[in-house]
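Taken in sequence, the protein lines are chains A and B. Heads up: the first sequence runs through residues 26 to 139, numbered per my numbering. Heads up: the second sequence runs through residues 23 to 298, numbered per my numbering. Please read the structure below before turning to the comments.
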Amino acid sequence: MSEFFGSPHALLILVLAGFLPNEIWRMAGLWFGSGVDEGSEVLVWVRAVATAILAGVIAQILVQPPGALASVPDWLRYGAVAAGFAAFILTRRSIFTGVVCGEIVMLVGKWWLG
Amino acid sequence: MAALSRCLLDAGCFGQPYARNESKSHRSPLALPPLSSPSWQSPLRAFAWGMSSVASTVLTLVLFATYLGIGALAHDSHFSLGWALGSTLLVWAGPAQIILISTLGSGATAVQAAIAVTVSAIRLFPMVVSVLPLMKTPKTKRRHLLLATHFIAVTLWVECYRLLPQVPRERRIAFTHGLGCGLVTVCMVATTLGYGLAANLPQLFAAAILLLTPLAFLLSTARNCRQISDVLALVLGLAMFPLVSMLHTGVDILISCVTAGTIAYGVHWWRERERA
């Protein structure tokens, strides 16, 4: 069982650095939500920062790839994501097509490199 | 049997005002019963309808792909499977899990990870604020909404806007609980699969699973962009991270993204002022 869950220290970090930071904002929305105007300027800023954070996470995974992704050359990672994005735009924003296309470019590129 | 009785119910409602609503919901493979249907009288049935609605959206597939990636990421960053499953159940926000795993995995301290996750989670606040009024009735107490609030993340938020108008108001909380439980179950399975696959697959496939995360995130974020500030934030956030990461501050994401988001907001503010 201890092998399944790992060290208690890691689980404590999960609760303190993962669970609580998210739950705080959800509960804040539940408690103070009725007083906030949905179209307010603060929320536009919050959404912009939140979107930028997602973008930053995407960039981090691509620029500093974890684990097995590091075995794919830089140009192929960027190329695959660019191809996926192009397919997404061309198919009038189909997430599914974009993801499949990006994956195919990466797999074919890697296979071609040997 | 259930399908048969649903067909009968649907047929019985043709020619009524709900028929139009009904034909609209036929676009999804799993149509909900009309608002007047007696099957909405039981909260348990509403829960079951919510749970089976998971199968009616392509977003479930995106979510599945994302959590395959998260499972694989957790494995490659040397976390235990129990930890990965715990993060899916408790954190229940893909981006936050990825930030948590990648910052801790790259050797940052717990405090640095907590700060980055807290900032990324701010986006949940406006989601909760905008979606809860859809579920409330005059009799609803805050504690009734606790679990539904925990389930709110981008997929549930989008699906609530699509599905809740087809659910009678007094059954919406039960329906949301079903939808949330269904999505969490799918993601727990995906986390386990991703974790196992990363451990046992050839490197090429493990890399393909890890690439799912940035792809699915980039495209679903791009699809949710509604204003010029959202588009700018996405582009600037992508572009600024590589620059800021050269500074090696440990909180690179935080610095680059608050800057990018604020610039994007500034442009929005400036355009609004020009227009006024």
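Quick reminder that beta carbons are idealized off the backbone N, C-alpha and C, glycines included. Source: prediction; values computed, not measured.
Item to check | Burial state of Arg194 (chain B), where buried means 16 or more other Cβ atoms lie within 10 Å | outcome: As a first step, residue 194 (chain B) is located in the second sequence; it is residue number 172 there, counting from the start. Buried, because 16 or more other Cβ atoms sit within 10 Å of the Cβ of Arg194 (chain B).
Practice task
Can you give me the Cβ contacts of Lys46 (chain B) inside the same chain, cut-off strictly under 8 Å, excluding the 5 residues immediately before and after it?
Solution key: Taking the first residue of the second sequence as 1, we reach residue 46 (chain B) at position 24. In this prediction, Lys46 (chain B) has a pLDDT of 39, which is less than 50 and means its spatial position is unreliable; what the coordinates show is noted afterwards. Contacts found: none.
Hey, how far is the Cα of Pro60 (chain B) from the Cα of Leu167 (chain B)?
In the second sequence, residue 60 (chain B) corresponds to position 38, counting from 1. In the second sequence, residue 167 (chain B) corresponds to position 145, counting from 1. Near 24 Å, if we compare the C-alpha coordinates of Leu167 (chain B) and Pro60 (chain B).
Query raised in the report: Is the CB-CB distance between Ser124 (chain B) and Ile114 (chain A) below 8 Å?
Result: Within the second sequence, the letter at position 102 stands for residue 124 (chain B). Within the first sequence, the letter at position 89 stands for residue 114 (chain A). By the CB criterion at 8 Å, Ser124 (chain B) and Ile114 (chain A) fall outside the cutoff.
Checklist line | Segment limits, alpha helix (DSSP H) that includes Ile174 (chain B) | finding: Reading the second sequence from its first residue, position 152 is the one you call residue 174 (chain B). That residue, Ile174 (chain B), is in no alpha helix (DSSP H); it is neither H nor E in DSSP.
TODO: Starting from Met157 (chain B), follow the alpha helix (DSSP H) in both directions and report where the run begins and ends.
DONE: Start at 1 with the first residue of the second sequence, and residue 157 (chain B) comes out as number 135. Counting along the chain, the alpha helix (DSSP H) containing Met157 (chain B) begins and ends at 146-157.
Practice prompt. Confirm, please, whether the CB-CB distance from Arg51 (chain A) to Pro148 (chain B) is below 8 Å.
Written response: Mapped onto the second sequence, residue 148 (chain B) falls at position 126. Mapped onto the first sequence, residue 51 (chain A) falls at position 26. Contact flag unset, no.
C-beta neighbour in chain A for His270 (chain B), strict 8 Å: On the second sequence, position 248 is the one that residue 270 (chain B) refers to. Interface flag for His270 (chain B) against chain A is unset, since no Cβ pair is found closer than 8 Å.
request  = Assuming Leu39 (chain A) contacts Ala229 (chain B) (C-beta within less than 8 Å), just tell me the rounded distance between them.
outcome  = The residue given as residue 39 (chain A) occupies position 14 in the first sequence. The residue given as residue 229 (chain B) occupies position 207 in the second sequence. Between Ala229 (chain B) and Leu39 (chain A) the Cβ distance is about 26 Å, and since that is not below 8 Å, they are no contact.
- Identify which residue in B:Leu205, B:Ser278, B:Leu156 has its Cα closest to the Cα of Tyr183 (chain B). In the second sequence, residue 183 (chain B) corresponds to position 161, counting from 1. Measuring from the Cα of Tyr183 (chain B), the nearest candidate turns out to be B:Leu156.
### Message
Taking the alpha-carbon of Thr235 (chain B) as reference, which of A:Thr76, A:Leu45, A:Pro90 has the nearest alpha-carbon?
### Response
Taking the first residue of the second sequence as position 1, residue 235 (chain B) is located at position 213. That would be A:Pro90, whose Cα lies nearest to the Cα of Thr235 (chain B).
| query | Contact check, Ala106 (chain B) vs Gly127 (chain B) under 8 Å by CB: the rounded distance? | reply | The count along the second sequence starts at 1 and reaches residue 106 (chain B) at position 84. The count along the second sequence starts at 1 and reaches residue 127 (chain B) at position 105. Going by Cβ atoms, the distance from Ala106 (chain B) to Gly127 (chain B) rounds to 12 Å, so no, they are not a contact pair.
Measuring alpha carbon to alpha carbon, tell me which residue in B:Thr271, B:Ser152, B:Val141 is nearest Pro117 (chain B).
Within the second sequence, numbered from 1, the residue matching residue 117 (chain B) stands at position 95. Nearest C-alpha to Pro117 (chain B): B:Val141.
- prompt: Is Leu66 (chain B) buried or exposed, if buried means 16 or more other CB atoms sit within 10 Å of its CB?
  reply: Locating residue 66 (chain B) in the second sequence gives position 44, where the first residue counts as 1. Exposed, by the Cβ-count rule.
* **Nearest-angstrom Cα separation, counted from Gly129 (chain B) out to Val189 (chain B)** => For the purposes of this step, residue 189 (chain B) is taken as residue 167 along the second sequence, with counting starting at 1. For the purposes of this step, residue 129 (chain B) is taken as residue 107 along the second sequence, with counting starting at 1. In a straight line, the C-alpha of Val189 (chain B) is about 47 Å away from that of Gly129 (chain B).
Give me the Cα-Cα distance between Val206 (chain B) and Arg297 (chain B), rounded to the nearest whole angstrom.
-> Start at 1 with the first residue of the second sequence, and residue 206 (chain B) comes out as number 184. Start at 1 with the first residue of the second sequence, and residue 297 (chain B) comes out as number 275. So the two alpha carbons sit approximately 44 Å from each other.
- Task: May I have a chain-ordered list of the alpha helix (DSSP H) segments no shorter than 4 residues that lie completely inside the region 189-231 of chain B?
- Result: 194-222
Practice problem: Tell me whether Gln119 (chain B) sits in a helix, a strand or coil according to DSSP, three-state version. | Solution: The count along the second sequence starts at 1 and reaches residue 119 (chain B) at position 97. The answer is helix: DSSP assigns Gln119 (chain B) an H, G or I state.
* To do: Look up Lys135 (chain A) in the DSSP assignment and say whether it is helix, strand or coil.
  => For the purposes of this step, residue 135 (chain A) is taken as the residue at position 110 of the first sequence. Here Lys135 (chain A) sits in helix by DSSP.
Just to confirm, is the Cβ distance from Ile121 (chain B) to Val82 (chain A) under 8 Å? Here residue 121 (chain B) corresponds to residue number 99 of the second sequence, with the count starting at 1. Here residue 82 (chain A) corresponds to residue number 57 of the first sequence, with the count starting at 1. Contact flag set, yes.
Practice prompt. Spell out whether any CB of chain B is found under 8 Å from the CB atom of Trp100 (chain A).
Written response: Counting from 1 along the first sequence, the entry for residue 100 (chain A) is found at position 75. For Trp100 (chain A), the answer is no, since every Cβ of chain B falls outside 8 Å of its Cβ.
Val80 (chain B) classed as buried or exposed, judged by whether at least 16 other C-beta atoms fall within 10 angstroms
Counting from 1 along the second sequence, the entry for residue 80 (chain B) is found at position 58. With a 10 Å radius around the Cβ and a threshold of 16 neighbouring Cβ atoms, Val80 (chain B) comes out exposed.
* My understanding is that Val139 (chain B) touches Ser242 (chain B), with C-beta atoms under 8 Å, so please give their C-beta distance in whole angstroms. => In the second sequence, counting from the first residue as 1, residue 139 (chain B) sits at position 117. In the second sequence, counting from the first residue as 1, residue 242 (chain B) sits at position 220. Contact flag wrong, Cβ pair sits at about 19 Å.
- Message: Between Ala196 (chain B) and chain A, is the shortest Cβ-Cβ distance under 8 Å, so that the two count as touching?
- Response: As a working note, residue 196 (chain B) is residue 174 in the second sequence. So, not an interface residue.
_Can you confirm whether Val280 (chain B), when its beta carbon is compared against all beta carbons of chain A, has any partner nearer than 8 Å?_
Locating residue 280 (chain B) in the second sequence gives position 258, where the first residue counts as 1. By this cut-off, Val280 (chain B) is an interface position.
- prompt: By the 10 Å Cβ neighbour count, where 16 or more other Cβ atoms means buried, how is Glu44 (chain B) classified, buried or exposed?
  reply: Start at 1 with the first residue of the second sequence, and residue 44 (chain B) comes out as number 22. With a pLDDT of 37 at Glu44 (chain B), under the threshold of 50, the modelled position of that residue is not reliable, and no figure is offered here.
### Partner residues on chain B for Pro91 (chain A), Cβ-Cβ distance less than 7 Å
Position 66 of the first sequence, counting from 1, holds the residue named residue 91 (chain A). Neighbours of Pro91 (chain A) on chain B, chain order: Leu95, Asp98, Ser99, Ser124, Gly127, Leu232.
Inset, instruction - Report the residue from B:Leu265, B:Ile137, B:Ser74, B:Pro56 whose alpha carbon sits nearest the alpha carbon of Ala42 (chain A). - result: Walking along the first sequence from the start, residue 42 (chain A) turns up at place 17. Looking at the Cα atoms, B:Ile137 is the closest of the given residues.
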